[in-house]
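For reference, the structure discussed in these notes is given below.
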Amino acid sequence: MKEEKIIVPTNGYLMLLVFFVMFFGSIAAIVALETPWFGLSIFAAIVIMFGFIMVQPNGSRVLLLFGEYKGTVKKNGFYWVNPFYTKKKISLRASNFDSERLKVNDKLGNPVMISTILVWRVENTYNAAFDVDNYENFVRVQTDAAVRKLASMYPYDNFADEGHDEDITLRSS
7 MKEEKIIVPT NGYLMLLVFF VMFFGSIAAI VALETPWFGL SIFAAIVIMF
57 GFIMVQPNGS RVLLLFGEYK GTVKKNGFYW VNPFYTKKKI SLRASNFDSE
107 RLKVNDKLGN PVMISTILVW RVENTYNAAF DVDNYENFVR VQTDAAVRKL
157 ASMYPYDNFA DEGHDEDITL RSS
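According to the working numbering, the residues represented by the sequence shown are 7 to 179, in order.
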């Protein structure tokens, strides 16, 4: 199993300067020298342009080269990467999931309506991108399964003597 690999790409502002020098220098050379060969430099400058990425705070980009994982950029900023990389955006921000009301049976077999509010965030971008098809849907399904399992492990209420708090119940938590 592969692990997440953090990479630090090239500064985007430096490559933006290289882009402008190549692009406008090639146009000036075509006009001054009247030769079309500098059109290749314009083409190279346009290819360079597709390598710019911007990573927002609490965001990331997963980089793939022809289907092979190359790394993840997690530090926010303006960067330049290989223009042939596929750049997949994955948010590292905290997300909320408010589940629908579920009808489950407690430990004693009584039906109980239960709902969950879950705050979650992506820790490992490699796992989020490649281990599941849709990681947001995965969180929803796993939350519902965990709630059903936990609700069935405990009774809703303790019907023993009121003075004794022997068991954990769904109502007490």
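Glycine included, C-beta positions come from ideal geometry on N, C-alpha and C.
**Message:** Quick check on the DSSP output: the alpha helix (DSSP H) that includes Leu156 runs from which residue to which?
**Reply:** One-based indexing of the sequence shown puts residue 156 at position 150. That run of the alpha helix (DSSP H) goes Tyr141 to Met159.
**Item:** Every unbroken alpha helix (DSSP H) inside the stretch 8-58 [4 residues or more]
**Value:** 18-39 and 45-55
**Message:** Under 8 Å, with one C-beta from each stretch per pair, do the stretch 117-130 and the stretch 148-163 reach the 3-pair mark?
**Reply:** yes
**Message:** Give the list of continuous beta strand (DSSP E) stretches no shorter than 3 residues that lie fully inside the stretch 66-115.
**Reply:** 74-79, 83-86, 91-97, 101-104 and 108-111
**Prompt:** Mind checking Asp112: buried by the 16 CB within 10 Å criterion, or exposed?
**Reply:** Walking along the sequence shown from the start, residue 112 turns up at place 106. Answer is buried; the Cβ neighbour count reaches 16.
**Request:** In angstroms with no decimal places, state the Cα-to-Cα distance between Asp139 and Thr175.
**Result:** On the sequence shown, residue 139 is found 133 positions in, with the first residue counted as 1. On the sequence shown, residue 175 is found 169 positions in, with the first residue counted as 1. Each residue's Cα considered, the two are about 36 Å apart.
**Asked** Are the stretch 13-32 and the stretch 71-80 touching, with three or more C-beta to C-beta distances below 8 Å?
**Response** yes
**Prompt:** Does the distance from the CB of Asn88 to the CB of Gly115 come in under 9 Å?
**Reply:** Taking the sequence shown and counting its residues from 1, the one referred to as residue 88 is at position 82. Taking the sequence shown and counting its residues from 1, the one referred to as residue 115 is at position 109. No, they are not a contact pair.
**Prompt:** Anyone know if the C-beta pair for Ser47 and Gly73 falls short of 9 Å?
**Reply:** Along the sequence shown, one-based indexing puts residue 47 at 41. Along the sequence shown, one-based indexing puts residue 73 at 67. Against a cut-off of 9 Å, the Cβ pair of Gly73 and Ser47 comes out as no contact.
**Asked** What distance in whole Å lies between the Cβ atoms of Met21 and Ala51, which are believed to be in contact at a cut-off of 8 Å?
**Response** Taking the first residue of the sequence shown as 1, we reach residue 51 at position 45. Taking the first residue of the sequence shown as 1, we reach residue 21 at position 15. With a Cβ gap of about 11 Å, Ala51 and Met21 do not count as contacting.
**Message:** Going by DSSP, what residue range makes up the alpha helix (DSSP H) through Thr131?
**Reply:** Here residue 131 refers to the residue found at position 125 when the sequence shown is read from its first residue. Here the alpha helix (DSSP H) through Thr131 covers Thr131 to Phe136.
**Request:** Please report the residue range of the beta strand (DSSP E) in which Ile123 lies.
**Result:** Locating residue 123 in the sequence shown gives position 117, counting from the first residue. Segment Ile123 to Trp126, the beta strand (DSSP E) holding Ile123.
**Asked** When the Cα of Tyr160 is compared with those of Gln148, Tyr141 and Asp173, which residue comes out closest?
**Response** Counting from 1 along the sequence shown, the entry for residue 160 is found at position 154. Answer by Cα proximity: Asp173.
**Message:** Here's the rule: buried if 16 or more other CB atoms are within 10 angstroms of the residue's CB, otherwise exposed. What is Leu69?
**Reply:** By one-based count along the sequence shown, residue 69 stands at place 63. By the neighbour-count rule (16 or more Cβ atoms within 10 Å), Leu69 is buried.
**Item:** Nearest-angstrom Cα separation, counted from Gly83 out to Phe26
**Value:** Locating residue 26 in the sequence shown gives position 20, where the first residue counts as 1. Locating residue 83 in the sequence shown gives position 77, where the first residue counts as 1. Going by the C-alpha atoms only, they are around 20 Å apart.
**Prompt:** Does the beta-carbon distance from Gly45 to Arg99 come in below 9 Å?
**Reply:** Taking the first residue of the sequence shown as position 1, residue 45 is located at position 39. Taking the first residue of the sequence shown as position 1, residue 99 is located at position 93. No, the pair does not count as a contact, with Cβ atoms beyond the cut-off.
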